[in-house]
Amino acid sequence: MCISNSNMNSEDQQVYGPEHRKTIADTPEQPTSRRSSTIDLWVAVGGTGLEQDVHMIPLDDLFKRFHTNPRRGLSSDFVPDAQTQYGDNKIPPPKSPNYFCLLLSQLFMGFNSILWIAGIFAFLAYEPLGEPNPLITNLGLGVVLFLVITCNAILNLYQEIKSIKIVASFSKLLPTIATVRRDGIEQQIVADQLVPGDIILIRMGDKLPADCRFLVCDGLKVSMFVLHFFLFEN
Numbered sequence: 036m037c038i039s040n041s042n043m044n045s046e047d048q049q050v051y052g053p054e055h056r057k058t059i060a061d062t063p064e065q066p067t068s069r070r071s072s073t074i075d076l077w078v079a080v081g082g083t084g085l086e087q088d089v090h091m092i093p094l095d096d097l098f099k100r101f102h103t104n105p106r107r108g109l110s111s112d113f114v115p116d117a118q119t120q121y122g123d124n125k126i127p128p129p130k131s132p133n134y135f136c137l138l139l140s141q142l143f144m145g146f147n148s149i150l151w152i153a154g155i156f157a158f159l160a161y162e163p164l165g166e167p168n169p170l171i172t173n174l175g176l177g178v179v180l181f182l183v184i185t186c187n188a189i190l191n192l193y194q195e196i197k198s199i200k201i202v203a204s205f206s207k208l209l210p211t212i213a214t215v216r217r218d219g220i221e222q223q224i225v226a227d228q229l230v231p232g233d234i235i236l237i238r239m240g241d242k243l244p245a246d247c248r249f250l251v252c253d254g255l256k257v258s259m260f261v262l263h264f265f266l267f268e269n
């Protein structure tokens, strides 16, 4: 069985096994401001250990906290309130980066700032400090240092942009449909509509639609190959 997470932050995994899998999903981050709700989640739970807490507490306490039942699942009456409280179960898209600002930050980041100072001193040693017979080697050294700074900044910018695109592409790994048990009825819903407390049914070959705690499983195997291959390709 599974209780699903409204704010999805897990890596995609594929499950292999001969029978039904059941899991309970991880808790979302605690909202900064609390509002009136018919679902009283996170009672007497510290904000520093929510992720570990869900995987360690006894199952009876877990069911009570999420107002769910392993056989019947969540009641449909709680779902709209939980969706309002925690939002959609999906990875928030990263903010669109400002490439010009990224390039400027890379130009003056870390060791590059020292190279800037060395390059400026090299030009000063050529002119005016090198008068009346400036050495051309000082000029060449300054030019080389500035070229090294520029090339290093461009390479770092390329790596950062690549990392941003990889994070943005995680949404492609998520399943679009999840099988849950609500009101004692097995049904398929859009994965974005999962909420904390949902009982998720996982079968052979399914992808986990949220951070989950497994309640019942038999011969469970998890394949990370798809995720690793996807990251390698990008």
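Throughout the sequence shown, residue numbering follows this note's numbering, covering 36 to 269 in sequence.
Every residue gets a Cβ at the ideal spot worked out from N, C-alpha and C, and that includes glycine.
{"Asked": "How would you call T172, buried or exposed, if buried means at least 16 neighbouring beta carbons within 10 angstroms?", "Found": "exposed"}
{"Asked": "Which value, in whole angstroms, describes the spacing of the CA atoms of L229 and D253?", "Found": "24 Å"}
{"Asked": "According to DSSP, is R69 part of a helix, a strand, or is it coil?", "Found": "Confidence at R69 is low in this model, with a pLDDT of 40, below 50, so its placement is unreliable and no value can be given for it."}
{"Asked": "If you check the beta carbons only, do F101 and P231 fall under 8 Å apart?", "Found": "yes"}
{"Asked": "Flag this pair as yes or no: are the beta carbons of I189 and L150 separated by less than 8 Å?", "Found": "no"}
{"Asked": "With a threshold of 8 Å, are at least 3 pairs of Cβ atoms found where one atom belongs to the region 174 to 183 and the other to the region 192 to 204?", "Found": "no"}
{"Asked": "In this structure, how does DSSP classify V225 when only helix, strand and coil are distinguished?", "Found": "strand"}
{"Asked": "Alpha carbon to alpha carbon, how far is H90 from D96? Give it in angstroms, no decimals.", "Found": "11 Å"}
{"Asked": "How is V202 classed by DSSP in three states: helix, strand or coil?", "Found": "helix"}
{"Asked": "Tell me whether T103 is buried or exposed, calling it buried when 16 or more other Cβ atoms sit within 10 Å of its Cβ.", "Found": "buried"}
{"Asked": "Which of helix, strand or coil does DSSP assign to K130?", "Found": "coil"}
{"Asked": "By Cβ distance below 8 Å, which residues in the same chain neighbour L137 in space, the five residues on each side in sequence not counted?", "Found": "L192, E195 and I196"}
{"Asked": "CA-CA distance, P169 and S148?", "Found": "25 Å"}
{"Asked": "The alpha helix (DSSP H) with V114 in it runs from where to where?", "Found": "V114 to Y121"}
{"Asked": "Starting from F249, follow the beta strand (DSSP E) in both directions and report where the run begins and ends.", "Found": "C247 to V251"}
{"Asked": "Helix, strand or coil: which one does DSSP assign to P172?", "Found": "Position check: residue 172 holds Thr in this sequence, whereas Pro was assumed. Reduced to three states, the DSSP call for T172 is helix."}
{"Asked": "So what does T211 bridge to, in DSSP terms?", "Found": "None, per the DSSP bridge assignment."}
{"Asked": "What would DSSP say about V230, mapped onto helix, strand or coil?", "Found": "coil"}
{"Asked": "Would you mind giving the Cβ-Cβ distance between L176 and A157, rounded to the nearest angstrom? I have them listed as a contact below 8 Å.", "Found": "4 Å"}
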